[in-house]
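Everything on this sheet refers to the single structure shown next.
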Amino acid sequence: MDEQGSDSSGNSFQDEDSEKEGVVNCMLCSNSFSDQSSSQSDTESDSEYSAFFTDEAGSADSGLQSGILQEELGALYDQESLAGLGSFLRRILRNPLDRTGFSLLLASLRDCLLTHRWQEASQAIEIVCLYPTHHYEDHVWKCGMEILYNHPDSDLELIEKFARKMEGIYRHRKRKRLEKVFHLLSRGQFQDAEVQLQSAKITNQIRLKKSDVERQEYWMMMIKAYSGLLKYVNWYRNYLLPRQEAGTNQLRAEKPGFSDADGVNGSQFTVPVPDKPGVWDIFITKQAEILETNGKVDDARELLQKYITSGPDNPNAYKYLYRHLKRNNGDQQEVIGVLGEYVKRIPSDLLALDLVSLLQQGLKRQNPEYSNKIGWITNSLFEMLDYPCWYDRLAPWKALARHLTRILKKRDRVAMDAAVMCWSQRDWWLYHHFDPKVVKRLVKKSKEVALQKALVASAMQTAGKNLPFVKRVQNYFSRKDDRKSCEQLKKVQGLATRLVRHRPAL
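Each residue of the sequence shown is one higher than the one before, starting from 79 at the first, in our numbering.
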């Protein structure tokens with residue numbers, strides 16, 4: 079590295095007036111942005127960078143133990159003094175590849191990024207550039223872009239300067255171009271993003287290593303997919319959104335796709351879905367939306383079904399197909415099956431209540447599938463309430479209270495056995511959901527939730543005795559002279575007493 083580069087890197091830690099361009103100047107002068115061959119020996123690299131880690135007044139004691147070094151670096155990191163850490167590294171470390179200092183430096187950089195301390199992160203990335211950074215190009219590129227995108231003093235000129243230098247290195251070139259596209263999209267610069275994507279499609283004349291061919295094909299596939307996504311954005315803004323704002327419900331009756339002025343026919347417009355296994359939710363949903371809007375409902379359903387087949391462990395695939403079937407009046411049994419698969423994977427989702435509602439429609443004891451369905455309903459409600467996000471939410475507790483009350487009224491032993499089994503597996507509910515100490519706080523937040531929880535506990539009361547939680551809720555409503563709530567509790571308690579022999583002892 080030339081003398082000018084060394085001065086630039088060294089001054090970036092001390093000169094406060096150059097704060098704005100410090101990270102860019104240091105990174106542009108670092109080894110990772112030069113065009114030198116990757117075959118340069120480690121010996122030459124160490125010699126080139128050793129000047130950065132030696133104090134001008136004299137070198138550090140060669141007998142410094144790694145334990146002492148780690149202790150001092152740890153103290154500096156605990157004090158969150160990144161500038162001090164940089165000075166310490168330049169003064170003490172003789173070996174630029176010292177792993178102890180670099181690992182702490184990366185930990186400091188990571189902490190700054192996660193806590194959005196962009197100014198300190200820019201200082202940390204400058205220190206990274208003091209190392210022979212052709213070994214750490216990914217750290218400089220990814221972290222540098224994130225810092226520049228979020229730094230309060232950053233501007234488009236600095237970002238462009240950094241991006242051009244990054245693209246000068248052939249490795250990950252298309253991935254870097256795609257990263258720039260993401261930034262332009264976040265700023266609403268859709269036309270500029272499209273230009274960047276189009277330029278990224280141009281075939282490069284540089285010959286690739288065999289190991290890089292597959293990676294290059296993958297990123298070309300991603301670039302094509304995001305190009306289609308940009309077309310979707312234009313289609314949505316220029317075609318779909320104006321009609322939605324106008325309140326028209328006759329989208330399919332009109333000419334599909336773009337208008338003639340857009341120069342694109344809707345039937346020819348697609349969002350390419352990557353043909354490799356993966357989570358491609360954003361592409362699948364947009365392509366399905368385009369097909370539906372163009373009246374190709376069967377094609378959209380086939381696309382979503384194939385997505386489930388290619389990734390059966392992705393719960394979103396089932397959710398997208400369920401919503402499609404619901405919008406287009408799909409067969410109820412198919413809807414229940416798809417939604418059931420989704421709830422099986424995400425039992426805490428609000429869609430579990432939709433599943434319960436569908437299963438309850440037309441449910442009769444004479445139905446040969448009655449036993450399975452009633453057990454499915456009960457299990458879905460109990461599993462949903464296992465999650466703390468529903469601790470004091472009304473909808474699931476109200477659904478479970480209604481379900482249990484209906485079972486008690488019908489004296490349905492099959493359904494009651496299913497409820498008893500679920501209840502017996504959840505002895506921890508007594509301390510989590512039905513803790514008498516939280517009644518005062520619960521009724522203050524929501525009386526209705528407290529009532530529904532008390533109804534559930536009354537329906538599943540142990541050995542015919544009310545739980546302390548129920549007694550406290552009942553006393554509260556008695557003091558407030560809330561006769562309706564008190565009568566509801568007494569009625570459920572009376573129904574539950576008749577079936578007390580079915581209760582397990584908890």
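By construction, the Cβ of each residue, glycine as well, lies at the ideal position given by its N, Cα and C atoms. Just so we're clear, the structure is a prediction, and the values are computed from it rather than from any experiment.
Per the C-alpha coordinates, the member of 553, 445, 215, 459 positioned closest to residue 434 is 459. In the three-state reduction of the DSSP assignment, residue 458 falls in the helix class. The residues 455, in chain order, have a CB closer than 7 Å to that of residue 438 in the same chain once the five nearest residues on each side in sequence are set aside. Assigned with DSSP and collapsed to three states, residue 512 falls in coil, not helix or strand.
Distance check between residue 256 and each of 206, 307, 233, 235 places 307 closest, using alpha-carbon atoms only. In the three-state scheme derived from DSSP, where H, G and I count as helix and E and B as strand, residue 306 is classed as helix. Under the three-state reduction of DSSP output, residue 242 falls in the helix class. Assigned with DSSP and collapsed to three states, residue 353 falls in coil, not helix or strand. Nearest neighbour of residue 561 by Cα position, chosen from 529, 205, 274, turns out to be 529. Taking one beta carbon from each stretch, the region 546-563 and the region 489-499 have fewer than 3 pairs nearer than 8 Å; the two do not touch. At the C-beta level, residue 526 and residue 558 stay beyond 9 Å of one another. In this structure, the straight-line span from the alpha carbon of residue 272 to that of residue 183 is close to 37 Å. Burial is judged here by how many other beta carbons sit within 10 angstroms of a residue's own beta carbon; residue 390 has fewer than 16 and is exposed.
The beta carbon of residue 202 is closer than 7 Å to those of 160, 183, 186, 187, 190 in its chain, skipping five residues each way along the sequence. In this structure, 399 is the residue among 399, 295, 218, 490 with its C-alpha nearest to the C-alpha of residue 376.
Within the same chain, and ignoring the five residues on either side of residue 429 in sequence, the residues whose Cβ sits closer than 8 Å to its Cβ are 397, 400, 417, 420, 421. Membership of residue 398 in the alpha helix (DSSP H) is indicated by the continuous run 393-405. With contact defined as three or more Cβ pairs closer than 8 Å, the region 484-495 and the region 509-524 are not in contact.
Where residue 437 is concerned, the enclosing alpha helix (DSSP H) starts and stops at 429-438.
In the three-state scheme derived from DSSP, where H, G and I count as helix and E and B as strand, residue 441 is classed as coil.
Our two residues, residue 234 and residue 481, have alpha carbons roughly 59 Å apart in a direct line. Taking 9 Å as the cut-off, the Cβ atoms of residue 237 and residue 196 do not count as close. Rounded to whole angstroms, the separation of the alpha carbons of residue 269 and residue 374 is 29 Å.
Listed in chain order, the non-local C-beta contacts of residue 536 below 7 Å within the same chain comprise 544, 548, 567, 570, 571, 574, local neighbours out to five positions each way being set aside. The alpha-carbon of residue 204 is positioned some 46 Å away from that of residue 368. Its Cα nearest to that of residue 230, the residue 198 stands out among 466, 293, 198. Scanning its chain for C-beta atoms nearer than 7 Å, with the 5 sequence neighbours on each side dropped, one finds no residue around residue 408. In the three-state reduction of the DSSP assignment, residue 251 falls in the helix class, which pools H, G and I. Distances from the CA of residue 180 to each of 449, 254, 206 were compared; the closest alpha carbon is that of 206. Contact annotation, residue 254 with residue 274: C-beta distance approximately 11 Å; criterion of less than 8 Å not satisfied. Cα atoms of residue 364 and residue 411: separation of roughly 26 Å, rounded to the nearest angstrom.
Residue 552 carries a helical assignment under DSSP once its states are collapsed to helix, strand and coil. Of the candidates 298, 502, 405, the residue whose Cα lies closest to the Cα of residue 539 is 502. If you compare the alpha carbons of 354, 406, 516, 352 with that of residue 370, the shortest gap goes to 406. The DSSP-derived three-state label of residue 415 is helix. If the five residues before and after residue 479 are omitted, its C-beta is found closer than 6 Å to the C-beta atoms of 530, 533, 534, all from its own chain and listed in chain order.
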